[in-house]
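S.K.:
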Amino acid sequence: MNHFLSQRATGLLLAASTMVAAAAPAPAAEVFPSKPVTLLVAFPPGGPADAVARAMEPAMTKALGQPVIIENVPGALGVLAMQRLMSRPADGYTLIMGSPNEAIFAPLANPTARYKAEDLALIAPVSSHPLVVMARPGLPATSLAQLVAASKQPGSRPLTFGSPGHGSMYHVVSEYMAQATGARLMHVPYKGATPMLQDLAGQQIDITILPNLGGSIGLLATGRIKALNVLSDSRMSTLPEVAAISESDLPHKLELVHSVWVGVMTKAGLPAERAGVLLEASHRALQSPEVARALALSGAQPMKPQPLAVSTRFYADEIAKLNAMARSVKLSPQ
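Heads up, the final residue of the sequence shown is numbered 1800 in the numbering used here, and it's a clean run with no missing numbers.
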């Protein structure tokens, strides 16, 4: 009898424990983000990526409910910042305000880069910045067509063009322009845009191609350098007196339309639900007055919010297009 009661009591205890277990709530899904998010910028303050990142930070912080901390990691044409991103988990807590310079061209030109373009994912393109052909003030040419003609004159020396570094988008676009137009140009690489612009204003080099941001704005406004053409289909609101390349008489002018995009990027392999959170925060930031004002002041063209799948296709197309351009000018690591 006592044995029977003992068995019955044991059964009741097991049943009760099973009911408690069934009634217990399932573990809560991890909230993302639950700590600050780092937004890397691969260049010093003042460039396209930095300007956009700082404009987006307040709205992204509000949307994510966690601080977004901007961290400038300049060096090696963006490789240092990308290596830092690659050293972190693909968990969405480290992002980069990326561009083709560090995402696509740097792995092709810098032998120290231990990543490739496909190791990154584009969450949200933010802005597109038209490139501008800028020249030293004493250069007789007032347009790219005149510059090309001058470089072809018998007995003339090749014109020098500066870039912020070997393998930058601005180096590759300049070489591609020379190839398309037949201009005789000689590359002078610098370690960054600031010393290059100083030499352009000081008449040490003839031209450069850059977006009109940072140091070039003041130099153009004061006439210390001049703009020959905007490599765009239409004129820029911030440089309304400078003709677009579409207005030029140059053959193959459609091949000369170039801009540099900037976007929120992550390490590839981020879980889809976290990518969705970051996409929504980026879209909210894009719609903020602060970002609209910052892009308008820089003459940038805001890119429309789009689904993640569209961003993924856009990035894949950019990799293919810009790799082909790099092969065309025979870009090699240095």
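Idealized CB from N, CA, C, for every residue including glycine. Owing to the predicted nature of the structure, the values given are computational and were not obtained by experimental measurement.
Let me confirm a value: LEU1788 is counted as buried when at least 16 other C-beta atoms fall within 10 Å, else exposed. Which label applies?
M.R.: Along the sequence shown, read from residue 1 onward, the residue named residue 1788 stands at position 322. Buried is the call here.
S.K.: With DSSP collapsed to three states, give me the class of PRO1491.
M.R.: By one-based count along the sequence shown, residue 1491 stands at place 25. Reliability of the predicted coordinates at PRO1491 is poor, the pLDDT of 47 falling under 50, and no value is obtained from them.
S.K.: Looking at the structure shown, is MET1769 part of a helix, part of a strand, or coil, going by DSSP?
M.R.: For the purposes of this step, residue 1769 is taken as residue 303 along the sequence shown, with counting starting at 1. In this structure, MET1769 counts as coil in the three-state DSSP scheme.
S.K.: To the nearest angstrom, how far is the alpha carbon of LEU1639 from that of ASP1672?
M.R.: Taking the first residue of the sequence shown as position 1, residue 1639 is located at position 173. Taking the first residue of the sequence shown as position 1, residue 1672 is located at position 206. The identity of residue 1639 in the sequence shown is Val, whereas the question assumes Leu. About 16 Å.
S.K.: Give the straight-line distance between the Cα atoms of PHE1780 and TRP1727, rounded to the nearest whole angstrom.
M.R.: To locate residue 1780, count along the sequence shown from 1; it is residue 314. To locate residue 1727, count along the sequence shown from 1; it is residue 261. Each residue's alpha carbon lies about 11 Å from the other.
S.K.: Are there 16 or more other CB atoms within 10 angstroms of the CB of LYS1692, so buried, or fewer, so exposed?
M.R.: Within the sequence shown, the letter at position 226 stands for residue 1692. LYS1692 comes out buried.
S.K.: At what residue ranges does the region 1690 to 1770 contain a whole run of the beta strand (DSSP E), taking only runs of 3 or more?
M.R.: Qualifying beta strand (DSSP E) stretches, in chain order: 1692 to 1697 and 1725 to 1733.
S.K.: Going straight from the alpha carbon of ILE1675 to that of THR1660, what length do you get?
M.R.: Indexing the sequence shown from 1 puts residue 1675 at position 209. Indexing the sequence shown from 1 puts residue 1660 at position 194. Computed Cα separation, rounded: 13 Å.
S.K.: Would you mind working out which of LEU1752, TYR1636, VAL1598 and ALA1515 sits nearest LEU1505, comparing C-alpha positions?
M.R.: Numbered from its first residue, the sequence shown carries residue 1505 at position 39. Cα-wise, what sits closest to LEU1505 is ALA1515.
S.K.: For THR1704, collect the residues of the same chain with a Cβ closer than 6 Å to its Cβ; drop the 5 residues on either side in sequence, then sort them by chain order.
M.R.: What you label residue 1704 is simply residue 238 of the sequence shown in a count that begins at 1. Contacts found: GLY1765.
S.K.: Apart from the five residues just before and just after GLY1558, which ones in its own chain have a Cβ nearer than 8 Å to its Cβ?
M.R.: Walking along the sequence shown from the start, residue 1558 turns up at place 92. Same-chain partners within the cutoff: PHE1498, PRO1499, VAL1503, THR1732, LEU1736, PRO1737, ARG1740, ALA1741, VAL1743 and LEU1744.
S.K.: I'd like to check one pair, PRO1624 with MET1662: are the Cβ atoms closer than 8 Å?
M.R.: Along the sequence shown, read from residue 1 onward, the residue named residue 1662 stands at position 196. Along the sequence shown, read from residue 1 onward, the residue named residue 1624 stands at position 158. Taking 8 Å as the Cβ cut-off, MET1662 and PRO1624 do not qualify as a contacting pair.
S.K.: Using the Cα positions of GLY1534 and THR1527, report the straight-line distance between them to the nearest angstrom.
M.R.: As a first step, residue 1534 is located in the sequence shown; it is residue number 68 there, counting from the start. As a first step, residue 1527 is located in the sequence shown; it is residue number 61 there, counting from the start. The sequence as given places Val at residue 1534; Gly does not occur at that position. Those two C-alpha atoms are separated by around 5 Å.
S.K.: So what does DSSP say about GLU1537, is it helix, strand or coil?
M.R.: Counting from 1 along the sequence shown, the entry for residue 1537 is found at position 71. Residue state, collapsed to three classes: strand.
S.K.: Helix, strand or coil for HIS1653 per DSSP?
M.R.: Taking the first residue of the sequence shown as 1, we reach residue 1653 at position 187. It is a strand residue.
S.K.: Would you kindly check if the distance between the Cβ of HIS1653 and the Cβ of ALA1575 is under 8 Å?
M.R.: Numbered from its first residue, the sequence shown carries residue 1575 at position 109. Numbered from its first residue, the sequence shown carries residue 1653 at position 187. The answer is no: Cβ separation not under 8 Å.
S.K.: Measuring straight from C-alpha to C-alpha, what distance separates PRO1677 and LEU1685?
M.R.: Taking the first residue of the sequence shown as position 1, residue 1677 is located at position 211. Taking the first residue of the sequence shown as position 1, residue 1685 is located at position 219. Distance between the alpha carbons of PRO1677 and LEU1685: 13 Å.
S.K.: Rounded to the nearest angstrom, what separates SER1748 and ALA1709 at their Cα positions?
M.R.: Position 282 of the sequence shown holds residue 1748. Position 243 of the sequence shown holds residue 1709. Going by the C-alpha atoms only, they are around 33 Å apart.
S.K.: Nearest to GLN1532 by alpha carbon, out of GLU1523, THR1608 and VAL1539?
M.R.: Residue 1532 sits at position 66 when you count from the first residue of the sequence shown. Ranking the options by Cα distance to GLN1532, first place goes to GLU1523.
S.K.: Note the first and the last residue of the continuous beta strand (DSSP E) segment covering PRO1591.
M.R.: If you number the sequence shown from 1, residue 1591 lands on position 125. Taken as a continuous stretch (DSSP letters only), the beta strand (DSSP E) holding PRO1591 covers 1586 to 1601.
S.K.: Report yes or no: do the region 1581 to 1597 and the region 1753 to 1770 share at least 3 C-beta pairs separated by less than 8 Å?
M.R.: At 8 Å Cβ cutoff, the stretches touch.
S.K.: Near LEU1797, which residues of its chain fall below 7 Å by C-beta distance, leaving aside the five closest residues on each side in sequence?
M.R.: If you number the sequence shown from 1, residue 1797 lands on position 331. Only LEU1574, ALA1575, GLY1633 and VAL1638 meet the Cβ criterion.
S.K.: If we ignore side chains and look at the alpha-carbon of each, how far apart do ALA1762 and LEU1720 end up?
M.R.: Here residue 1762 corresponds to residue number 296 of the sequence shown, with the count starting at 1. Here residue 1720 corresponds to residue number 254 of the sequence shown, with the count starting at 1. So the alpha carbons of these two residues sit roughly 25 Å apart.
S.K.: Taking its Cβ as the centre, do 16 or more other Cβ atoms sit within 10 Å of VAL1730, making it buried, or is it exposed?
M.R.: In the sequence shown, the residue the question calls residue 1730 occupies position 264. Buried is the call here.
S.K.: Below 7 Å CB to CB, which residues in the same chain sit around SER1622 once its five sequence neighbours on both sides are set aside?
M.R.: For the purposes of this step, residue 1622 is identified with residue 156 of the sequence shown, where counting begins at 1. ALA1616.
S.K.: Taking only runs of the alpha helix (DSSP H) that begin and end inside the region 1528 to 1581, which ones reach a length of at least 4 residues, in chain order?
M.R.: List check, alpha helix (DSSP H) in window: 1545 to 1553 and 1572 to 1575.
S.K.: So, is PRO1620 buried or exposed, given that buried needs 16 or more other C-beta atoms within 10 angstroms?
M.R.: Working through the sequence shown from its first residue, we reach residue 1620 at position 154. The residue in question, PRO1620, is exposed, as its Cβ has fewer than 16 Cβ neighbours within 10 Å.
S.K.: Looking at the strands, I want to know which residues DSSP matches up with SER1629.
M.R.: To locate residue 1629, count along the sequence shown from 1; it is residue 163. SER1629 is bridged to PRO1655.
S.K.: Taking the straight line between their C-alpha atoms, what separation do you get for ALA1519 and PRO1510?
M.R.: The sequence position of residue 1519 within the sequence shown is 53, counting from 1. The sequence position of residue 1510 within the sequence shown is 44, counting from 1. Cα-Cα distance, rounded: 12 Å.
S.K.: Out of GLN1645, MET1600, GLY1628 and GLU1496, which one is the CA nearest neighbour of LEU1716?
M.R.: The residue given as residue 1716 occupies position 250 in the sequence shown. The option with the nearest alpha carbon to LEU1716 is GLN1645.
S.K.: Looking at the secondary structure, which residues open and close the beta strand (DSSP E) in which LEU1506 lies?
M.R.: Within the sequence shown, the letter at position 40 stands for residue 1506. LEU1506 -> beta strand (DSSP E) spans 1503 to 1507.
S.K.: How is the beta strand (DSSP E) around LEU1676 delimited, first residue to last?
M.R.: Here residue 1676 corresponds to residue number 210 of the sequence shown, with the count starting at 1. From DSSP, the beta strand (DSSP E) with LEU1676 extends over 1673 to 1677.
S.K.: Is VAL1599 near LEU1610, with beta carbons less than 8 Å apart?
M.R.: Locating residue 1599 in the sequence shown gives position 133, where the first residue counts as 1. Locating residue 1610 in the sequence shown gives position 144, where the first residue counts as 1. Yes, the Cβ-Cβ distance between VAL1599 and LEU1610 is below 8 Å.
S.K.: GLY1680 lies in the alpha helix (DSSP H); which residues open and close that run?
M.R.: Within the sequence shown, the letter at position 214 stands for residue 1680. Segment: none, GLY1680 is in no alpha helix (DSSP H) and carries neither H nor E.
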